[in-house]
Amino acid sequence: MFVCLLPSQTFAQSKDELQALQEQIKQKQQQVAKQLAKAKSLQAELRQSELKIAKAATALNTTEKELKANQQEQRALKKRQSEIKQKLAQQQDILAKQIRSAFMTGNHDYAKMLLNQENPAKFERTITYYQYLNKARRELIDEFRQLGDELTQVNLTLIEKQDRLQNLLDRQQAQQATLTQEQASRKQTLSKVQSAIESDAAKIEELQANEQNLRKAIAEAERLAAQKPTSFDGLAKLKGKLLKPADGRVRKLFGTKRQGQVRWKGVIVEGNEGSNVIAIHHGKVLYANWLRGFGLVIVLDHGNGYMSLYGHNQALLHQAGDTVTAGEPIALVGQSGGQSSPNLYFEIRYKGDPVNPTQWIKH
């Protein structure tokens, strides 16, 4: 049976469908807004957790450097200790032979020598000879004493270094425990953040907001840099020759889709947590702070509009205003910014626009 709807009925039905669709859109928007608001609150918690990790990791990194220096100093002291002992043994042997020889010949008795000498010239030569021998023996004894004193000092210093080493090892153990505890706390917070953003729409908005925050941070860094221009000559002549910023497999993501229409502006280097992130070339630190979505970020100004960006770090080893050299450690590989595994997020920008890093790094 065919039913014919009047124009007024068709209009009313279309109006109802439009209202229903608008209501659905409104509910979706409210849902996305609610997810983003919850995520924003949790991001603040994540930031605090990751900053605590950075503090613990920086302290641990400093302690480990002190441990290496202490161990090197101990190796040098033990080497010197061995050299002194060997030299003392040699000198002791020489002195023993000289004393034994003088005693056996009896030539140390000057009165006897004077009575038995008939030739004055020969007597004078003999006296001069024995005076020379005595002087050499005294010098040898003095050197022997000095070496003995140095050996005593080396032994005392070694004991101090060994005590210091034990203190450093105890501190390292405590710092490692603190780091592990903070990492466990962060893991719980990260799980909450990931659960808070469920829909694709919310994920896209979150990525767009993070990218906008990054652009603002870079723009502000550029503004401050313009007030104090550097003498660095940029990276234009170094395409394909720059140092790799961290050890590990490079995921060539530049230009590919990340979520929706949001595209990757850099690459990911899958490294080991706590390993060094290095400056690809000499430059000045423009920015060094925590940034939502990117974690602990450090940005270097290389001059002539060129910058490099390093994100997801566990800790930063420099602060804004520092000058760094090519290959110098500037951060530690981590998983800040909500990452589930350790990696380095790396970008190169020219006049604010991202360029493909894989074309600039030496392979």
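Numbering (my numbering), first residue to last: -4 to 358.
Just so you know, even glycine gets a beta-carbon here, dropped at the ideal spot from N, CA and C.
Query: For the beta strand (DSSP E) containing L291, name the first residue and the last one.; Result: 290 to 298
Query: Could you give the residue range of the beta strand (DSSP E) that holds N308?; Result: 301 to 311
Query: Suppose you measure from the CA of D348 to the CA of Q38; what does that come to, to the nearest Å?; Result: 27 Å
Query: Whole-angstrom Cβ separation of Q254 and G290, contact assumed at under 8 Å?; Result: Actually they are not in contact, since the Cβ atoms of Q254 and G290 sit about 18 Å apart, beyond 8 Å.
Query: Are the CB atoms of G278 and L396 within a distance shorter than 8 Å?; Result: No statement about residue 396 is possible, as the shown extent of the chain runs from -4 to 358 and does not include it.
Query: Tell me whether K279 sits in a helix, a strand or coil according to DSSP, three-state version.; Result: strand
Query: Suppose you measure from the CA of K357 to the CA of A274; what does that come to, to the nearest Å?; Result: 13 Å
Query: As a quick exercise: from K82, T251, G266, pick the residue whose alpha carbon is nearest that of G143.; Result: K82
Query: Can you tell me whether E134 is buried or exposed, with buried defined as 16 or more other CB within 10 angstroms of its CB?; Result: exposed
Query: Using alpha carbons as the reference points, say which of Y282, L55, D88, Q86 lies closest to E215.; Result: Y282
Query: Going by CA-CA distance only, name the one from K187, G322, T184, N308 that's closest to L238.; Result: G322
Query: Our contact map puts N338 next to R287 with C-beta atoms below 8 Å; I'd like the distance itself, whole angstroms only.; Result: Not really, about 17 Å apart at Cβ, beyond 8 Å.
Query: Among the residues of its own chain, which have a CB less than 6 Å from the CB of N271, if the five just before and after it don't count?; Result: P324
Query: Take every Cβ of the segment 150 to 162, pair it with every Cβ of the segment 65 to 85, and state whether three or more of those distances are shorter than 8 Å.; Result: yes
Query: One question on the structure: do L248 and W355 come within less than 8 Å of each other, judged by their Cβ atoms?; Result: no
Query: Rounding to the nearest angstrom, what Cα-Cα distance links G261 and Y340 in this structure?; Result: 7 Å
Query: Which word fits E138, buried or exposed, when buried means at least 16 other C-beta atoms lie within 10 angstroms of its C-beta?; Result: exposed
Query: Quick one: is E45 buried, meaning 16 or more other Cβ sit within 10 Å of its Cβ, or exposed?; Result: buried
Query: Under a CB-based cut-off of 8 Å, is L151 close to chain B?; Result: The structure shown contains no chain B; it is built from a single protein chain.
Query: Thinking C-alpha only, which one of A315, L202, E145, E155 is nearest I79?; Result: E145
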